[in-house]
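Here the structure comes first, spelled out in structure tokens, and everything after it is commentary.
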Amino acid sequence: MRTVARLSEHDRRDLFRNTAEKLSLHDSLVEMDFWVCFTLDYLFQRSPWRDVIAFKGGTSLSKAFHLISRFSEDIDLILDWRVLGYASNEPWARRSHSKQVSFNKEANTRAEIFLADVFCPTSKAQLSQELDREANLFIDGEDKQTVVFSYPHVVHNTATSQSIRLEVGALAAWSPVKKVEIESYAGKFYPALFKQKATPILTVSPERTFWEKATILHHEANRPSHLQIPERYSRHYYDLYRMSMTFIKDTAFTNLNLLEKVVEFKMKFYPRAWAMYENAIPETIKLVPPKYRFAVLQADYMRMKDMLFGEIPNFDTVIAAINTLENEIHALA
26 MRTVARLSEH
36 DRRDLFRNTA
46 EKLSLHDSLV
56 EMDFWVCFTL
66 DYLFQRSPWR
76 DVIAFKGGTS
86 LSKAFHLISR
96 FSEDIDLILD
106 WRVLGYASNE
116 PWARRSHSKQ
126 VSFNKEANTR
136 AEIFLADVFC
146 PTSKAQLSQE
156 LDREANLFID
166 GEDKQTVVFS
176 YPHVVHNTAT
186 SQSIRLEVGA
196 LAAWSPVKKV
206 EIESYAGKFY
216 PALFKQKATP
226 ILTVSPERTF
236 WEKATILHHE
246 ANRPSHLQIP
256 ERYSRHYYDL
266 YRMSMTFIKD
276 TAFTNLNLLE
286 KVVEFKMKFY
296 PRAWAMYENA
306 IPETIKLVPP
316 KYRFAVLQAD
326 YMRMKDMLFG
336 EIPNFDTVIA
346 AINTLENEIH
356 ALA
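Quick note: the sequence shown uses the working numbering, first residue 26, plus one each step.
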């Protein structure tokens, strides 16, 4: 991948355009996909933190497991909290509610300091060396646990951000994980240009992500009416819809203990009374949002459609499938 990253702008533009033509996609999406894979390859093969991170979230569903057909600039990473100075089981120690809240804030602050003082400058220096140019890497101004890599793009498109967002957090669960090979679409169609077209990445298993997404939807179903749904949250409904059409649904259904662990983790490290995580059990979990939320979610979904490919369901189809899935989970009780 480093070989391709160092190609001339003309050669990279041709590569991304030719790949895009084969997939009937915009060149900028193929370019973004390449830089997502390049960044993952750096993080998990050459960075100093390659043995203390894991890949998770929606992008892993697409790139590692091919369960969804959605492009994304987000790379969600779990950072081993021992890097921040905690003992292996220290975060799980019993605490009062107030002390747990204080611990969570402290852990997030430690992560922010680590990213700003160590991770970002080191990665910037190493990527600059690999690219033979200064890498544009910086901490996001609104989220101090997100590192932005503004990659050297050769395709211009206002519909894509043309940057990779590394969302790094220590308060996340590692189990279960597996090593999975990922490759860019450019590498798939033009392997001769790549000395290494695929790279193994330690990735959270999709059955855990299934329940993570389900509890996000439960969280949103209980969101108070005066609080707005965050932008781009329709992606969680799409992701769970797509997973519900695969074997992962049955795998998750046979592992309800994993749902319990996901809920336990969120209640301890991301407590929010109105989310009612205690009801995120097979009998009472809620996936479908209130109807008054549909219009906002549908508009958000329409804005996201440029990032979807293949057979793209309409919003009504997604919500209908989520309703069916909710009933199926209730039937497991």
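The beta carbon of each residue, even a glycine, is placed where N, CA and C say it ideally should be.
- Annotation: K291 is outside any beta strand (DSSP E); the continuous alpha helix (DSSP H) that includes it extends over L281 to F294.
- In the three-state DSSP reduction, N114 falls in the coil class, being neither helix nor strand.
- The criterion of a C-beta distance shorter than 8 Å is satisfied by Y176 and S188.
- Burial check for W236: the Cβ neighbour count within 10 Å reaches 16 or more, so the residue is buried.
- When secondary structure is reduced to three states using DSSP, N247 falls in the coil class, being assigned neither helix nor strand.
- Annotation for E256: no alpha helix (DSSP H) segment contains it, and DSSP assigns it neither H nor E.
- A direct Cα-to-Cα measurement between L50 and K88 gives close to 16 Å.
- Beyond the five residues adjoining it in sequence on each side, L162 comes within less than 8 Å, by CB distance, of C145, S148, K149, L152, V172, V173, F174 and S175 in the same chain, given in chain order.
- Taken atom to atom, the span from the alpha-carbon of W299 to that of V343 is near 25 Å.
- The continuous stretches of beta strand (DSSP E) do not include K311, and DSSP gives it neither H nor E.
- Here the stretch 90–108 makes contact with the stretch 266–282; the two share three or more CB pairs at distances below 8 Å.
- Here Y263 is buried. Its C-beta has 16 or more other C-beta atoms within 10 Å.
- Contact between D39 and T224 is absent: CB atoms are separated by about 23 Å, not below the 8 Å threshold.
- Under DSSP, S209 takes part in no beta bridge, so it has no partner.
- Distance from the Cα of M327 is smallest, within the candidate group E137, E115, K124 and S259, for S259.
- Counting only the Cα atoms, F69 lies some 27 Å from I241.
- For A141, the secondary structure class from DSSP, reduced to helix, strand or coil, is helix.
- For D165, the closest C-alpha among the options D157, A141, P296 and F272 is that of A141.
- With a cutoff of 8 Å on beta-carbon distance, P307 and L283 are scored as not near each other.
- Note on geometry: alpha-carbon atoms of V55 and I254 lie some 29 Å from one another.
- Partner residues in the beta bridge of L102, as assigned by DSSP, are F80 and V193.
- The beta carbon of K169 lies closer than 6 Å to those of E137 in the same chain, with the five residues before and after it left out.
- One thing to note: F63 has its Cβ within 8 Å of the Cβ of M26.
- Here H251 is exposed, its C-beta having fewer than 16 other C-beta atoms within 10 Å.
- The shortest C-alpha to C-alpha distance from R257 to any of G83, E285 and A239 is the one to G83.
- About 4 Å separates the CB atoms of S209 and F59; that is less than 8 Å, so the two are in contact.
- With 16 or more other CB atoms across the displayed protein chains lying within 10 angstroms of its CB, F41 is buried.
- L218 and E206 have their C-alpha atoms spaced approximately 18 Å apart.
- Membership of N161 in the beta strand (DSSP E) is indicated by the continuous run N161 to I164.
- For A195, the closest of Q154, H244 and T134 by C-alpha to C-alpha distance is T134.
- Contact annotation: E98 and V61 have beta-carbon atoms nearer than 8 Å.
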